[in-house]
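S.K.:
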Amino acid sequence: MEAIANLQEKIAGVTTTPSQSPSSHSAANLPLHAGPPRAPTAIDKLLQFFQVREPGESGRRGIHPLQFLRITLRSSSRVSRVVNVLWPVVPAAIAVRWAMPDNHLVIFILSYLAMVPCANLLGFAGQELSRKVPHVMGVLVETTLGSLVEIILFMVLITRSGSDGINYIQVIKAAILGSILATMLLCLGLCFLVGGLRRDESSFNEAVSEVGTGLLLTAGFGLAIPTVFAHSLDNRPGLDAAAFDQKVLEISRSSALLLMLSYIIFVFFQSRSHHSLYETIFIEEEARDTDEHRERQHNRLTFSEVLLALAVSIALVAVIAIVLVDQIHFLVTERHMSDAFVGLILVPLVEKAAEHLTAIDEAYDDQMNFALSHVLGATLQTALFNGPLVVVVGWGLGKPMGLDFEVFDLAVLLLAILTVGNFLRDQKSNYLEGALCVIVYVAIAVAALYYPNPPHGEVVASGGGH
770 MEAIANLQEK IAGVTTTPSQ SPSSHSAANL PLHAGPPRAP TAIDKLLQFF
820 QVREPGESGR RGIHPLQFLR ITLRSSSRVS RVVNVLWPVV PAAIAVRWAM
870 PDNHLVIFIL SYLAMVPCAN LLGFAGQELS RKVPHVMGVL VETTLGSLVE
920 IILFMVLITR SGSDGINYIQ VIKAAILGSI LATMLLCLGL CFLVGGLRRD
970 ESSFNEAVSE VGTGLLLTAG FGLAIPTVFA HSLDNRPGLD AAAFDQKVLE
1020 ISRSSALLLM LSYIIFVFFQ SRSHHSLYET IFIEEEARDT DEHRERQHNR
1070 LTFSEVLLAL AVSIALVAVI AIVLVDQIHF LVTERHMSDA FVGLILVPLV
1120 EKAAEHLTAI DEAYDDQMNF ALSHVLGATL QTALFNGPLV VVVGWGLGKP
1170 MGLDFEVFDL AVLLLAILTV GNFLRDQKSN YLEGALCVIV YVAIAVAALY
1220 YPNPPHGEVV ASGGGH
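Numbering (the numbering used here), first residue to last: 770 to 1235.
1) For the alpha helix (DSSP H) containing Leu-1027, list its first residue and its last residue.
2) What's the call for Pro-995, buried or exposed, on a 16-neighbour Cβ count within 10 Å?
3) When the Cα of Phe-1038 is compared with those of Leu-984, Arg-1069 and Val-1088, which residue comes out closest?
4) Between the beta-carbon of Ile-921 and the beta-carbon of Ala-1087, is there less than 8 Å?
5) Helix, strand or coil for Ser-1260, going by three-state DSSP, please let me know.
6) Buried or exposed: which applies to Gln-896, given that a residue is buried once 16 or more other Cβ atoms fall within 10 Å of its Cβ?
7) With Leu-1182 and Leu-950 assumed to form a contact (beta carbons below 8 Å), what rounded beta-carbon distance in angstroms separates them?
8) Whose CA, out of Val-1081, Ile-876 and Ile-1033, lies closest to the CA of Ile-1097?
9) Terminal residues of the continuous alpha helix (DSSP H) containing Glu-1120?
10) Indicate the three-state DSSP secondary structure (helix, strand or coil) for Lys-1197 in the structure shown.
11) Check whether the segment 1200-1210 touches the segment 1006-1020, counting contact only when three or more Cβ pairs, one atom from each stretch, lie closer than 8 Å.
12) Within the same chain, show all residues whose beta-carbon is closer than 7 Å to that of Leu-1085, passing over the 5 residues directly before and after it, in chain order.
13) Are at least three pairs of beta-carbons, each pair with one atom in the segment 1150-1168 and one in the segment 935-949, less than 8 Å apart?
14) Do Phe-973 and Tyr-1200 come within 8 Å of each other at the CB atom, strictly closer than that value?
15) Which partner residues of Ser-971 appear in the DSSP bridge assignment?
16) So Lys-738 packs on Glu-919, CB below 8 Å; how close in whole Å?
17) Excluding the 5 residues preceding and the 5 following Val-848 in the sequence, name in chain order all residues of the same chain whose CB lies nearer than 8 Å to its CB.
18) Quick check on the burial criterion: 16 or more other C-beta atoms within 10 angstroms. Buried or exposed for Asn-1222?
19) Would you mind sorting Ala-1217 into buried or exposed? The rule is 16 or more other CB atoms within 10 Å of its CB.
20) Quick check on Ala-1025: buried or exposed, where buried means 16 or more other Cβ atoms within 10 Å of its Cβ?
21) To the nearest angstrom, report how far apart Asn-1138 and Gly-964 are at their CA atoms.
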């Protein structure tokens, strides 16, 4: 270190003395580099990108079973720790499914409850992984992993044949819009509500809210095109019904591809071209964390343990999803529950449990930018990627999965987007706005509960009005 200090003094010309010879004097003033600094290569950038950030350092390597169990059970918040009490329900749900396959109501209740801790583990593993990568990429990773439950449920539903009298495609369509509504109204409303319990107002950056609001309007417009087309031309005299339904399906598939392209552009905008803007916002947000002192004392998972948690949670989510979907037929036919209520309310609540818990905890800790990023990110991923993805998968499977929705579902979605956009406009929130969002969601749930089903065995056509 002393030699380095002397060298720096010589470069600055501070330690020049009369006894120095011309050769030594000229040598002392030589630059450290003969040429301009070397530009970082692609490999350097890749290594820097995957370098673990200090908040994600665990100080350990490999897998330590006891430490792994202790950290995962403690989870990241009080609410998550309470949810972990439901872990005994997971083996019970699987056991009852195979031991008493005819007890459908018990199987549904147990599997519905079992999905919550599995989704919570998946969300916690995503949260641990997000701390090890740059802030913006961390939010994207955490949001994507939180949406895996939804993707798995959609894939299980789209593979069902519908021969048992249940139109699973209609359930998926309702679940797409229901997921958006649950995140945008219920989760955001609870974030505003819990944030308002500790402070008069919570503020957030306009870059997060404006981009999210604009994309929500774009997503709503894209999702509305097939429905508006179908219902504006439906029952027109001389129109061939089969050909018309095929046109609606083709429009839905084209819209799905365009929406997925919009999501890719959004991810590039957030992670590459405007990365520094969002990075600055999230760094400032970390400084506002009221639980920061406890977070620093909280041990982290190693990278190997994160991968183990992801593998275990994804496997359990897939198994529970299959068990859960198998009971939808019983709910609709025996319990006379509407397809709209199952798809619009029940499925979205359980598939978004991890995202909701994470966002609410962040809002409680006065990290409203993080909470809003998770809420809007999860909403946009459903509208721009997960929903269109199931349309593309159905296309490959030869299923008539489209984006033509019931008018009731689409109307409440567009009204919800306008309502939330108005609340986000001033970059401030309070408990009143949160309570109003929750009340609106409850009103939609009540209407969905009484929404009538089509006659059993009738498959609703693509146009939605047959």
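C-beta: ideal position from N, C-alpha, C; glycine also.
M.R.: A quick look at the data gives this:
1) 1010-1037
2) buried
3) Leu-984
4) yes
5) Because the chain is modelled from 770 through 1235, residue 1260 falls outside the range shown and cannot be assessed.
6) buried
7) 6 Å
8) Ile-876
9) 1116-1120
10) strand
11) no
12) Val-859 and Cys-887
13) yes
14) no
15) Ser-1198
16) What is shown of the chain runs 770 to 1235, which leaves residue 738 out entirely.
17) Leu-1126, Ile-1129 and Asp-1130
18) buried
19) buried
20) buried
21) 12 Å
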